[in-house]
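Residue numbers for the sequence shown follow my numbering, so the first one is 90 and each next one is one higher. A short worksheet on the structure shown next.
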Amino acid sequence: MKKSLTLLIVGLTIIGSGLFIGSSLFSKNEATEQTPTSMTKEIPPELFLETEVLDTKKPETIPSENELYQGDLSFEYADPEKPYVLMIWFIDKANHEYVGPDKKPLKREKELILGKAKGVVHVVVKANRPMLTHIQKLKDIQVSMTLKEKTD
């Protein structure tokens with residue numbers, strides 16, 4: 090009887106240890122196993138303007154990957170102290186404005202103080218990847234620019 094009781098205790102201990110080790114191995118496996126999650130952030134399409142006021146036209150440089158347009162806009166008889174508004178918009182051949190993915194017109198404004206009466210505004214229009222993708226789908230796209238004195 091004593092022998093069978095000892096055998097029973099040893100057997101239960103072995104079974105319990107086996108279950109404990111098996112469950113801890115299984116729970117470690119669950120803890121280390123990760124489900125793949127993707128964290129993508131929606132980037133809103135954007136246009137960016139870079140401007141530089143110069144005395145004469147700037148030679149064109151090699152466009153960067155995200156550059157849509159670079160050009161010069163000449164001005165004369167400007168008041169060097171007053172603010173001016175540079176407007177750029179994308180149009181088709183019939184002067185219809187294109188819209189962005191957000192259904193707003195593809196145009197940007199930038200306020201400048203020219204600092205001189207005569208010169209050139211060198212403009213570079215850049216876009217992020219979502220906007221570039223959208224603009225590449227458009228047909229016969231043209232860039233129109235104006236420089237006007239800011240009115241209050």
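Heads up, the beta-carbon is just placed ideally off N, CA and C, and yes, glycines get one too. Note that the structure is predicted; figures quoted are calculated from it, not measured.
Problem - Three-state secondary structure assigned by DSSP to isoleucine 103 - result: On the sequence shown, residue 103 is found 14 positions in, with the first residue counted as 1. DSSP places isoleucine 103 in helix when its eight states are reduced to three.
Practice task
May I have the straight-line CA-CA distance separating leucine 175 from valine 142, to the nearest angstrom?
Solution key: The count along the sequence shown starts at 1 and reaches residue 175 at position 86. The count along the sequence shown starts at 1 and reaches residue 142 at position 53. Note on geometry: alpha-carbon atoms of leucine 175 and valine 142 lie some 12 Å from one another.
Practice task
Flag this pair as touching only if the stretch 199 to 207 and the stretch 180 to 190 have three or more C-beta atom pairs under 8 Å; answer yes or no.
Solution key: Put simply, the stretch 199 to 207 does not touch the stretch 180 to 190. Fewer than three CB pairs are less than 8 Å apart.
Exercise for the section: Quick one: grab the DSSP three-state call for proline 194. Expected result: The residue you call residue 194 lines up with position 105 of the sequence shown. Looking at proline 194 - three-state DSSP - the assignment turns out to be strand.
Exercise for the section: Classify methionine 220 as buried or exposed, calling it buried when 16 or more other Cβ atoms lie within 10 Å of its own Cβ. Expected result: Position 131 of the sequence shown, counted from the first residue, corresponds to residue 220. So methionine 220 ends up on the buried side.
Exercise for the section: Determine the DSSP secondary structure at histidine 185, reduced to helix, strand or coil. Expected result: Residue mapping note: residue 185 aligns to position 96 of the sequence shown, counting from 1. Three-state DSSP puts histidine 185 in coil, outside helix and strand.
Problem - DSSP bridge partner residues for aspartate 168 (one or two, in chain order) - result: Position 79 of the sequence shown, counted from the start, is the residue given in the question as residue 168. Assignment of beta-bridge partners to aspartate 168 by DSSP yields no partner.
Problem - Closest residue to glutamate 156 among Ala216, Pro134, Ile104 and Glu238 (Cα-Cα distance) - result: Here residue 156 refers to the residue found at position 67 of the sequence shown. For glutamate 156, the nearest C-alpha among the options comes from Ala216.
Practice task
Kindly indicate the opening and closing residues of the alpha helix (DSSP H) around threonine 222.
Solution key: Here residue 222 corresponds to residue number 133 of the sequence shown, with the count starting at 1. Here the alpha helix (DSSP H) through threonine 222 covers 218 to 225.
Problem - As assigned by DSSP and simplified to three states, the class of isoleucine 98 - result: Taking the first residue of the sequence shown as position 1, residue 98 is located at position 9. In the structure shown, isoleucine 98 falls within a helical segment according to DSSP collapsed to helix, strand and coil.
Exercise for the section: Would you identify the three-state DSSP class for lysine 199, choosing helix, strand or coil? Expected result: Your numbering for residue 199 matches position 110 in the sequence shown. Residue state for lysine 199 is assigned as strand, using DSSP reduced to three classes.
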